[in-house]
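Participant: So for the sequence shown, the numbering used here puts the first residue at -4; every next one is plus one.
Beta carbons are placed, not taken as given, at the ideal position from N, Cα and C, and that holds for glycine.
Note that the structure is predicted; figures quoted are calculated from it, not measured.
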Amino acid sequence: MASLPQTVRSIGRFEVVRQLGRGAQGSVWLAHDPELKREVAIKTIEVDGRNNPAAVRTLLDEAIMMSRLVHPNIVTLFDAGRDGEQPYLVFEFVAGSTLATLIEKSGQLQPARASEIAVQILKGIEFAHQKGVVHRDLKPGNIMMTEDGIPRIMDFGIAALISTRSAEEDGFHGTPAYTAPEYITKREFSPRSDVFSMGMMLYEMLTGSPAVSGKTVWELLHKVSTTPFDRPSTRAEQVDERLDALVMRALAKNPDERFESAQAFREALESYLRPAIAAVPTEAAGGTLDFLLRRIQVKSDFPALSGTISAVSRAANSTKEGVAALSATILKDFALTNKLLKLVNTARFGQLGRGVSTVSRAIMVMGFDQVRAIAIGLVLFDTLQNKSQAANLRDELIATYFSAVLGRSLAGPAGVRDGEEAFIAAMFHNLGRLLAAFYFHDEFLEMQKMARNGIAEREAAIRVFGTSLDELGVAVARSWNFPPNVIASMKEVTEDPDRVANGDAERLRMLSALAYAMTDAIRHSPDDDREGRLLAVQGRFDPALGVDQGQIIAAVGKSVADIARDAQTLDLKTTASPFFERAVSWSHQFSEDEEIETLSDTLTGAVLAEQAARGGESDAQSLPARRKATLSAGIQDITGALVGKFVLNDLLKIVVETVHRAGGFSRVMLLTSDPASNYMKARVALGVDAEQHVKKGFSVPLSGGRDIFQAALTQGVDISIDDIDAPKIRAHVPDWYRKAVPAKSVMLFPIVLNKKAVALLYGDADTAGALAFGAEELSLLKTLRNQVVLAIRTQNV
-4 MASLPQTVRS
6 IGRFEVVRQL
16 GRGAQGSVWL
26 AHDPELKREV
36 AIKTIEVDGR
46 NNPAAVRTLL
56 DEAIMMSRLV
66 HPNIVTLFDA
76 GRDGEQPYLV
86 FEFVAGSTLA
96 TLIEKSGQLQ
106 PARASEIAVQ
116 ILKGIEFAHQ
126 KGVVHRDLKP
136 GNIMMTEDGI
146 PRIMDFGIAA
156 LISTRSAEED
166 GFHGTPAYTA
176 PEYITKREFS
186 PRSDVFSMGM
196 MLYEMLTGSP
206 AVSGKTVWEL
216 LHKVSTTPFD
226 RPSTRAEQVD
236 ERLDALVMRA
246 LAKNPDERFE
256 SAQAFREALE
266 SYLRPAIAAV
276 PTEAAGGTLD
286 FLLRRIQVKS
296 DFPALSGTIS
306 AVSRAANSTK
316 EGVAALSATI
326 LKDFALTNKL
336 LKLVNTARFG
346 QLGRGVSTVS
356 RAIMVMGFDQ
366 VRAIAIGLVL
376 FDTLQNKSQA
386 ANLRDELIAT
396 YFSAVLGRSL
406 AGPAGVRDGE
416 EAFIAAMFHN
426 LGRLLAAFYF
436 HDEFLEMQKM
446 ARNGIAEREA
456 AIRVFGTSLD
466 ELGVAVARSW
476 NFPPNVIASM
486 KEVTEDPDRV
496 ANGDAERLRM
506 LSALAYAMTD
516 AIRHSPDDDR
526 EGRLLAVQGR
536 FDPALGVDQG
546 QIIAAVGKSV
556 ADIARDAQTL
566 DLKTTASPFF
576 ERAVSWSHQF
586 SEDEEIETLS
596 DTLTGAVLAE
606 QAARGGESDA
616 QSLPARRKAT
626 LSAGIQDITG
636 ALVGKFVLND
646 LLKIVVETVH
656 RAGGFSRVML
666 LTSDPASNYM
676 KARVALGVDA
686 EQHVKKGFSV
696 PLSGGRDIFQ
706 AALTQGVDIS
716 IDDIDAPKIR
726 AHVPDWYRKA
736 VPAKSVMLFP
746 IVLNKKAVAL
756 LYGDADTAGA
766 LAFGAEELSL
776 LKTLRNQVVL
786 AIRTQNV
């Protein structure tokens, strides 16, 4: 029998309903199985088996491989047979449409939806690889989406066993726009080839269009194998930097630079969607606690909160690398950067350095630990405060911040050397309680109701949640990479201390417990029993810390004043907080008249500031005005640093950060001359893939060629280009640069000493025209460059 006509009524025992699709090599038919009473999809080839045994062999090879692959994300093979000389395969019929159809109808998918689909497909690919099979033709048209939205991989027609590794075949097999570069250039394939194809599909889901396009097959193949891909975020604004990086890693031209397996790609996407919480070495880890952690991590805002705090915490020391990591992490969050700098410039920190306008400068004048502590607190409070609608939840937040400030105020009297570690420890001593209040609100209210009826809060928590709240907090803190001392301090002090606390960790734990106990006393004690509660708290912790009643009273007053000053910056609604009102009342009762007057003035100022904030803010500055303000503040910062002793690398960081914060830049780098290699090499960088550019050595040749870089370095001229693809510019932009970064606009400010370029201030944007700076702004950029010249000269004197 020849190839099947479109009017065919049966294939073997199967009754054909209609043709589902037709390709160059065969057709797929919807059919009814009269014996098993189900619908099936039948695949046939468009040749006579007697005349083309190779095609028959291909179909049977597919059957053999598919028989190994029974997985929820792979279309199942039911049977194989022959109708005369016509071979066919019988597959499960999947009602729905292809992923290609979904993209065509929906356009850009939301990042979470696209990533979830990719995770499911990767599970199927991972299973196939475990069975020794590489698909080799993954594309949206070969993914069926069920009516429930589950992706199922189909068409293993050109799949091959991993053991073969290279394709000894004539011609080209696969779909050009999704084929891995190593197959195009060398006819080699491996599991990483499927990883590349999956990256291409994820790219298309995110952007609504393929990563490459071309008028001919050869144009497509050339672009896939040689041309750098645009980042998905350049086509879809909703794609963030983290997802950008995952997609671009999957699409690396060199297979060794991709994810090593489908499993690794899947796990990276799952981490992006729901950052994993570390395993908890407690008895509850496998049961109730694990359940609570899973419930928290699927909340919409928890992944972002967890990721940022983890990154800030990982900057664990004040070495050069630690400072760079902390600065870079904070700068990725524009809101966090602005709020941190506002807080740094409040009266409380004013004596440390006026006009601090960069994170790098803040670390220089305040210290690494101080900035890290403030940043962690801001991240937590900003996330939870934005989430909260109920007044009692906002009050819980203010009480937690009060406990942190009180812990820092008592650090000296309690013999704790690091006040900022005391701040973090006291803030997170009650992390489990705070997370329960925000993420399990109904259960938290039930726990509070039980506590009001006389059941101890710890016992009430165990009854409601199945675990204590401090165990919940410890589990999350471990996943956030908190220091061991801070984690140890989060464990509830259930006993009454009867001896002096030994060691830094134990003293920190006792101080955190004291700060929380005092906060709890302020919250719950009757007005006529304040002195009794104060004495009880002081007496309980006196054996361990030796803090007297007067020191606690003074710390409460100072903490109230500090919070009143910080309230507007932190957006803490202190004037509507019952807890803060009680804290002020406590402070008034135990303080001298003069202190009360001072505190009242502070609080009045805070109220007026809060009212002014509610009244509305002035219109946002225009972009040029903001740029001028940012650059001017940075220049002032650097001038202040130049006056005293400075470390050149720290000053260069301030310069790069100032330029980056001016707006519009994708990357800003400071490159310095390396005579041994005859290149300018990136030394400090901020922006997209900044760390990678430093690690992999983004570099500019010091000689050779006639291009924009050579013009800047040899002639000492400043260069600003709006579009590197403009007709008069294109030929002067070197190929190595186009491969190194996806920039469309670029600025070059050479740093020249004794008529020789020793460094280069570089900035770019991935969008043409994004760096349209006015004359005043360019003048300020040149001033920054000149400050670098002065700094280098000063260091060389």
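Inspect the CB distances between the stretch 484 to 504 and the stretch 451 to 469 and report whether three or more fall short of 8 Å.
Facilitator: As far as the Cβ criterion goes, the stretch 484 to 504 touches the stretch 451 to 469, which means the pair count is three or higher.
Participant: Who are the near neighbours of aspartate 702 in its chain, counting only those whose CB is closer than 7 Å to its CB and skipping five residues on each side?
Facilitator: For the purposes of this step, residue 702 is identified with residue 707 of the sequence shown, where counting begins at 1. Once the five neighbours on either side are set aside, the close Cβ partners of aspartate 702 are His727, Val728 and Pro729.
Participant: Helix, strand or coil: which one does DSSP assign to lysine 676?
Facilitator: Taking the first residue of the sequence shown as 1, we reach residue 676 at position 681. Looking at lysine 676 - three-state DSSP - the assignment turns out to be strand.
Participant: Taking serine 507 as part of the alpha helix (DSSP H), name the residues at either end of that continuous run.
Facilitator: Residue 507 sits at position 512 when you count from the first residue of the sequence shown. Its alpha helix (DSSP H) spans residues 498 to 519.
Participant: Give the DSSP bridge partners of methionine 712, in chain order.
Facilitator: Residue mapping note: residue 712 aligns to position 717 of the sequence shown, counting from 1. The displayed chain sequence assigns valine, not methionine, to residue 712. Paired residue(s): none; valine 712 is not in a bridge.
Participant: Whose C-alpha, out of Pro135, Ser474, Ala259 and His124, is nearest the C-alpha of leucine 198?
Facilitator: The count along the sequence shown starts at 1 and reaches residue 198 at position 203. It should be noted that the sequence gives tyrosine, not leucine, for residue 198. Tyrosine 198 has its Cα closest to that of Pro135, out of Pro135, Ser474, Ala259 and His124.
Participant: Going by the beta-carbon positions, is the gap between glycine 534 and phenylalanine 660 smaller than 7 Å?
Facilitator: Residue numbering aside, residue 534 sits at position 539 when the sequence shown is read from its first letter. Residue numbering aside, residue 660 sits at position 665 when the sequence shown is read from its first letter. Going by C-beta atoms, glycine 534 is not nearer than 7 Å to phenylalanine 660.
Participant: Aspartate 28 lies in the beta strand (DSSP E); which residues open and close that run?
Facilitator: On the sequence shown, residue 28 is found 33 positions in, with the first residue counted as 1. Run containing aspartate 28: 21 to 28, per the beta strand (DSSP E) assignment.
Participant: Looking only at its own chain, which residues have a Cβ that is under 6 Å from the Cβ of leucine 626, when we skip the five neighbours before and after it?
Facilitator: Position 631 of the sequence shown, counted from the first residue, corresponds to residue 626. Correct list, in chain order: Ala657 and Leu775.
Participant: Classify lysine 248 as helix, strand or coil using the three-state DSSP reduction.
Facilitator: For the purposes of this step, residue 248 is identified with residue 253 of the sequence shown, where counting begins at 1. Reduced to three states, the DSSP call for lysine 248 is coil.
Participant: I'd like the span of the beta strand (DSSP E) that includes isoleucine 724, first residue to last.
Facilitator: On the sequence shown, residue 724 is found 729 positions in, with the first residue counted as 1. Segment: none, isoleucine 724 is in no beta strand (DSSP E) and carries neither H nor E.
Participant: Are the CB atoms of alanine 26 and glutamate 10 nearer to each other than 7 Å?
Facilitator: Position 31 of the sequence shown, counted from the first residue, corresponds to residue 26. Position 15 of the sequence shown, counted from the first residue, corresponds to residue 10. The answer is yes: Cβ separation under 7 Å.
Participant: Please state the DSSP three-state secondary structure of aspartate 588.
Facilitator: Within the sequence shown, the letter at position 593 stands for residue 588. Its pLDDT being 39, under 50, aspartate 588 is placed unreliably by the model, and the measurement read from it follows with that caveat. Helix.
Participant: Would threonine 141 be called buried (16 or more neighbouring beta carbons within 10 Å of its own) or exposed?
Facilitator: Counting from one through the sequence shown, the residue named residue 141 turns up at place 146. With fewer than 16 Cβ atoms within 10 Å of its Cβ, threonine 141 is classed as exposed.
Participant: Let me make sure I understand the geometry here. Which of Ser204, Thr71, Ala624 and Pro250 has the alpha-carbon closest to that of tyrosine 178?
Facilitator: Walking along the sequence shown from the start, residue 178 turns up at place 183. Looking at the Cα atoms, Pro250 is the closest of the given residues.
Participant: Any idea what DSSP makes of glutamine 233, helix, strand or coil?
Facilitator: The residue labelled residue 233 in the question sits at position 238 within the sequence shown. It is coil, neither helix nor strand.
Participant: From alanine 624 to glutamate 772, what distance separates their C-alpha atoms?
Facilitator: Start at 1 with the first residue of the sequence shown, and residue 624 comes out as number 629. Start at 1 with the first residue of the sequence shown, and residue 772 comes out as number 777. In a straight line, the C-alpha of alanine 624 is about 10 Å away from that of glutamate 772.
Participant: Is arginine 253 helix, strand or coil when you go by DSSP?
Facilitator: In the sequence shown, counting from the first residue as 1, residue 253 sits at position 258. In the structure shown, arginine 253 sits in coil (DSSP, three-state: anything other than H, G, I, E or B).
Participant: Let me check understanding here. Comparing Cα to Cα, which of Leu756, Ile69 and Thr634 lies closest to serine 694?
Facilitator: Sequence index remark: in the sequence shown, residue 694 carries index 699 (1-based). Here the closest residue by C-alpha is Leu756.
Participant: Cα separation between threonine 202 and valine 747?
Facilitator: If you number the sequence shown from 1, residue 202 lands on position 207. If you number the sequence shown from 1, residue 747 lands on position 752. Between threonine 202 and valine 747, the C-alpha separation is close to 43 Å.
Participant: Starting from valine 85, follow its DSSP beta bridges and name the residues at the other end.
Facilitator: For this step, residue 85 is matched to residue 90 along the sequence shown. According to DSSP, valine 85 bridges with Ile37 and Asp74.
Participant: Give the straight-line distance between the Cα atoms of valine 23 and arginine 147, rounded to the nearest whole angstrom.
Facilitator: As a working mapping, residue 23 is identified with position 28 in the sequence shown. As a working mapping, residue 147 is identified with position 152 in the sequence shown. Approximately 16 Å between the Cα atoms of the pair.
Participant: What are the residues that DSSP puts in a beta bridge with leucine 755?
Facilitator: The residue given as residue 755 occupies position 760 in the sequence shown. According to DSSP, which records beta bridges pairwise, leucine 755 is partnered with Leu666 and Pro745.
Participant: When burial is assigned at 16 or more other CB atoms within 10 Å of the CB, is alanine 531 buried or exposed?
Facilitator: For this step, residue 531 is matched to residue 536 along the sequence shown. Exposed, since its Cβ has fewer than 16 Cβ neighbours within 10 Å.
Participant: By how many angstroms is the C-alpha of proline 223 removed from the C-alpha of glutamate 762?
Facilitator: As a first step, residue 762 is located in the sequence shown; it is residue number 767 there, counting from the start. As a first step, residue 223 is located in the sequence shown; it is residue number 228 there, counting from the start. Residue identity differs from the one stated: residue 762 is threonine in this sequence, not glutamate. Approximately 15 Å between the Cα atoms of the pair.
Participant: Among Ala512, Asn480 and Pro479, which residue has its Cα nearest to the Cα of glutamate 490?
Facilitator: As a working mapping, residue 490 is identified with position 495 in the sequence shown. When each option's Cα is compared against that of glutamate 490, the closest is Ala512.
Participant: The ligand ATP heavy atoms versus the CB of histidine 217: any closer than 6 Å?
Facilitator: In the structure on display, the ligand ATP does not appear, and there are no ligands present to speak of.
Participant: Taking serine 110 as the reference, give the member of Val85, Ala75, Asp235 and Gly414 with the closest Cα.
Facilitator: Locating residue 110 in the sequence shown gives position 115, where the first residue counts as 1. That would be Asp235, whose Cα lies nearest to the Cα of serine 110.
Participant: Strictly by DSSP, which residues pair up with threonine 93?
Facilitator: In the sequence shown, counting from the first residue as 1, residue 93 sits at position 98. Paired residue(s): Met139.
Participant: Could you pull the start and end residues of the beta strand (DSSP E) that glutamine 14 belongs to?
Facilitator: Locating residue 14 in the sequence shown gives position 19, where the first residue counts as 1. Where glutamine 14 is concerned, the enclosing beta strand (DSSP E) stretches over 9 to 17.
Participant: State the beta-bridge partners of leucine 681 as determined by DSSP.
Facilitator: Position 686 of the sequence shown, counting from 1, holds the residue named residue 681. Per DSSP, Val663.
Participant: By DSSP's criteria, alanine 760 is part of a beta bridge. Which residues make up the other side?
Facilitator: Here residue 760 corresponds to residue number 765 of the sequence shown, with the count starting at 1. DSSP, once it has assigned bridges, lists Ser740 as partnering alanine 760.
Participant: Could you tell me the alpha carbon to alpha carbon distance between proline 205 and valine 400, rounded to whole angstroms?
Facilitator: The sequence position of residue 205 within the sequence shown is 210, counting from 1. The sequence position of residue 400 within the sequence shown is 405, counting from 1. Cα to Cα, proline 205 sits roughly 53 Å from valine 400.
Participant: Given leucine 429, which residues of its chain have a CB within under 6 Å of its CB, disregarding the five upstream and five downstream residues?
Facilitator: In the sequence shown, counting from the first residue as 1, residue 429 sits at position 434. Around leucine 429: Thr395.
Participant: Going by DSSP in three states, valine 481 sits in which element: helix, strand or coil?
Facilitator: Residue 481 sits at position 486 when you count from the first residue of the sequence shown. Helix, per DSSP.
Participant: Measure the alpha-carbon distance for aspartate 557 versus proline 619 and round it to whole angstroms.
Facilitator: The sequence position of residue 557 within the sequence shown is 562, counting from 1. The sequence position of residue 619 within the sequence shown is 624, counting from 1. The straight-line gap from Cα to Cα measures roughly 35 Å.
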